Amino acid sequence: MVPRCVWLVVVGLLAFGGSVRGLGGPPPPKRLLLIGQGPDDHPPTTHEYMAGVRILERLLARFPGVVTTVAKADEPWSAGPGLMDGADGVVLFVTQGAQWMQLDPQRFAALQRLARRGGAIVALHWAVGAKDA
Numbered sequence: 001m002v003p004r005c006v007w008l009v010v011v012g013l014l015a016f017g018g019s020v021r022g023l024g025g026p027p028p029p030k031r032l033l034l035i036g037q038g039p040d041d042h043p044p045t046t047h048e049y050m051a052g053v054r055i056l057e058r059l060l061a062r063f064p065g066v067v068t069t070v071a072k073a074d075e076p077w078s079a080g081p082g083l084m085d086g087a088d089g090v091v092l093f094v095t096q097g098a099q100w101m102q103l104d105p106q107r108f109a110a111l112q113r114l115a116r117r118g119g120a121i122v123a124l125h126w127a128v129g130a131k132d133a
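Just so you know, we're using my numbering here: the sequence shown kicks off at 1 and counts up by one.
Here's what the structure looks like:
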């Protein structure tokens with residue numbers, strides 16, 4: 001059985017992750033960037049973002065047409081904007097998501113570009129956090 005969160009990620013990616021192709025062949029695979037971080041200040045084993053991202057990566061491997069890349073986005077994360085520019089969607093499993101998005105102007109600009117081109121942006125757990133954003 002596939003967990004509900006995996007279905008939500010796949011549906012979101014397919015619904016918002018790119019343009020529709022003609023009948024000339026199969027569409028290219030959707031490129032999904034799974035973004036995690038190292039542990040935050042919670043007790044060990046309670047906010048294990050990278051472990052969660054790795055589980056999601058294994059679950060998404062069941063879906064043909066979805067190619068995943070896992071990234072650890074601890075600061076400084078200079079590769080982030082380029083990785084996001086090459087993705088059809090991102091899944092954020094980070095702490096203080098709103099703050100994290102805006103911490104680096106290039107990161108925020110890459111997320112805006114992703115949204116403008118119709119890419120999927122999924123926030124899990126504390127990635128929806130907006131404290132001090």
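A virtual CB, placed ideally from N, CA and C, is assigned to each residue, including glycine.
From a predicted model like this one, the values you see are computed outputs, not experimental measurements.
Expressed to the nearest angstrom, what Euclidean distance is found between the alpha-carbon atoms of residue i and residue j?
i, j, result
"V91", "P44", "22 angstroms"
"L103", "Q112", "14 angstroms"
"A87", "I35", "12 angstroms"
"G118", "G89", "9 angstroms"
"K72", "P64", "24 angstroms"
"V20", "V122", "Residue placement at V20 cannot be trusted, given a pLDDT of 47 that sits under 50; what the coordinates show is reported in the next sentence. Approximately 21 angstroms between the Cα atoms of the pair."
"R31", "R54", "16 angstroms"
"G38", "G24", "43 angstroms"
"R107", "P26", "31 angstroms"
"R116", "H42", "35 angstroms"
"H125", "W77", "21 angstroms"
For residue i, collect the residues of the same chain with a Cβ closer than 7 angstroms to its Cβ; drop the 5 residues on either side in sequence, then sort them by chain order.
i, result
"A127", "L92, F93, V94 and G97"
"W100", "V94"
With DSSP collapsed to three states, give me the class of residue i.
i, result
"A109", "helix"
"L56", "helix"
"A87", "coil"
"G38", "coil"
"R116", "helix"
"V128", "helix"
"A79", "coil"
"A123", "strand"
"A73", "coil"
Between residue i and the rest of its own chain, which residues show a CB-CB distance below 6 angstroms, the 5 nearest in sequence each way excluded?
i, result
"L60", "V66 and T68"
"L114", "M84"
"G52", "F93"
"P29", "G65 and V67"
"V70", "L34, V53 and E57"
Spatial neighbours of residue i within its chain, please: C-beta separation below 8 angstroms, excluding the five flanking residues on both sides.
i, result
"A109", "P81"
"E48", "P39"
"D74", "Q37 and G38"
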